[in-house]
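Trainee: Heads up: the sequence shown at position 202 corresponds to 188 in the numbering used here, and the numbers run straight through without jumps.
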Amino acid sequence: MLKFILRRILVMIPQLILLSILVFLLAKMMPGDALTGRIAGNANIDPETVAKLREELGLNDPWHVQYWNWIQNLSQGDWGISYIHQVEVTKLLGNRLLNTVNLGIFILVLTYIIAIPLGIVAGRWTNSWADKVIVAYNYLSYATPLFIFALFMLFIFGYVLGWFPTGGSVDVRLEKGTLDYYINKFYHLILPAFSAALLSTTTTIQYLRSEIIDTKVRDFVKTARAKGTPERKVYTRHILRNSFLPIAAFLGYEITGVISGSIFIESIFSYPGIGQLFVQSIAQRDYPVVTALVMLTGFATLIGTLLSDIILSAVDPRIRID
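1) Using the beta-carbon count (16 or more within 10 Å), is E197 buried or exposed?
2) Pull up the distance between the alpha-carbon of Q72 and that of T188, whole angstroms please.
3) Just verifying my parser: in three-state terms, what is the DSSP assignment at P74?
4) Just the Cα atoms here: how many angstroms apart are L313 and I225?
5) With R82 and I260 assumed to form a contact (beta carbons below 8 Å), what rounded beta-carbon distance in angstroms separates them?
6) So the alpha helix (DSSP H) R223 belongs to, where does it begin and stop?
7) Could you tell me how far apart the beta carbons of V156 and K171 are, in whole angstroms, since I believe they sit closer than 8 Å?
8) Rounded to whole angstroms, what is the Cα-Cα separation between L8 and G90?
9) Is the beta carbon of A108 sitting closer than 7 Å to the one on I120?
10) Within the continuous alpha helix (DSSP H) that includes W56, where are the two ends?
11) Residues in its own chain within less than 7 Å of H174 by CB, not counting five upstream and five downstream?
12) For W56, which residues of its own chain have a beta-carbon under 7 Å away from its beta-carbon, when the five flanking residues on both sides are left out?
13) In angstroms, rounded to a whole number, what distance separates the CA positions of T35 and M281?
14) Would you tell me roughly how many angstroms separate the C-alpha atoms of I142 and L132, rounded to the nearest one?
15) Taking a contact to mean a Cβ-Cβ separation below 7 Å, would you say I199 touches G105 in this structure?
16) Once you ignore the five residues that flank L137 on each side, which residues in its own chain have a CB closer than 8 Å to its CB?
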């Protein structure tokens, strides 16, 4: 297992290098540069000062020299300055990343709490009325656009009924660190998390239902039943254990979504996370923030792929990775 992890990490290195080159070149092709953010609030700056600043920042250097300097700055935690917010990108992301992680974890937990029991019921009692209801719900959730459903949830439970707040991550009047502060933060998570979770159960339910139906007719299950194994143990030890393999494999990719954030959910609920920040930065052409978020999302995707392979090899005893 250790050799496998080390080998995968070595494979990730050239992938990260290639990603960084693509992100850097795309950023260079866009209008604006590192100097734009520094002089955005000073319209009276003279051309001689601008030329001097460009030389000091190395913007006149060849692209490969600028790329190397950019990589060195990234490795030291210097991701540039936001054009719009006029603060360091690392500070800007740090304030929002925790919000995104909290929301992503809550969505992930709710998704599995809803999807796993429904998938087990649908797979075990195939063609029953419960299975038909679950399949209908699955088709409906698959066909419903997230942004429309989120707007509906916001309108009904936020504006009409007034049960939940309609924006933000916490009441700004509360003192940070108090019990009321954390309760209020959790309260702000409920509506956006449920809105996303109710539609993100589709893949888990479908995979689990299909795997249970397929595993029920396999030879090792028939053999267990022929030996007189109780039906409850047949399901828990044989059917469910093998049926959970695809779910375990996708868990790493789900973790990627925890880090990268939900653009639609954060935008609709005005939730201050990195998903909402990404949309705003693209609209406002805040390229230092955009490049930082693309790099962060790409790195999270690679980590999620690695975690999926590790989880799958740990869950499935038939897989041996040397």
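Ideal Cβ positions, reconstructed from N, Cα and C, are used throughout, including at glycine.
Mentor: Let me lay it out:
1) Label assigned to E197: buried.
2) Straight-line Cα distance between these residues: approximately 41 Å.
3) The displayed chain sequence assigns Glu, not Pro, to residue 74. Here E74 sits in strand by DSSP.
4) Look at the range of the chain in this structure, -13 to 308, and you will see that residue 313 is not part of it.
5) Indeed, because the Cβ distance is near 5 Å, the residues count as touching under 8 Å.
6) Where R223 is concerned, there is no enclosing alpha helix (DSSP H), given that its DSSP letter is neither H nor E.
7) The Cβ separation is near 5 Å, so the contact holds.
8) If you draw a straight line from the Cα of L8 to the Cα of G90, it is about 27 Å long.
9) Judged by beta-carbon spacing, I120 lies within the 7 Å limit of A108, meaning their Cβ atoms are closer than that value.
10) W56: member of the alpha helix (DSSP H) spanning W49 to S61, first to last residue.
11) If we look at H174 and ignore the five residues flanking it on each side, its Cβ neighbours are P151, G154, S155 and V156.
12) If we look at W56 and ignore the five residues flanking it on each side, its Cβ neighbours are F10.
13) A straight line joining the alpha-carbon of T35 with that of M281 spans about 32 Å.
14) Spanning the two alpha carbons is a distance of roughly 15 Å.
15) Going by C-beta atoms, I199 is not nearer than 7 Å to G105.
16) Non-local C-beta neighbours of L137 in its own chain, meaning closer than 8 Å and more than five positions away in sequence, comprise I254, ordered along the chain.
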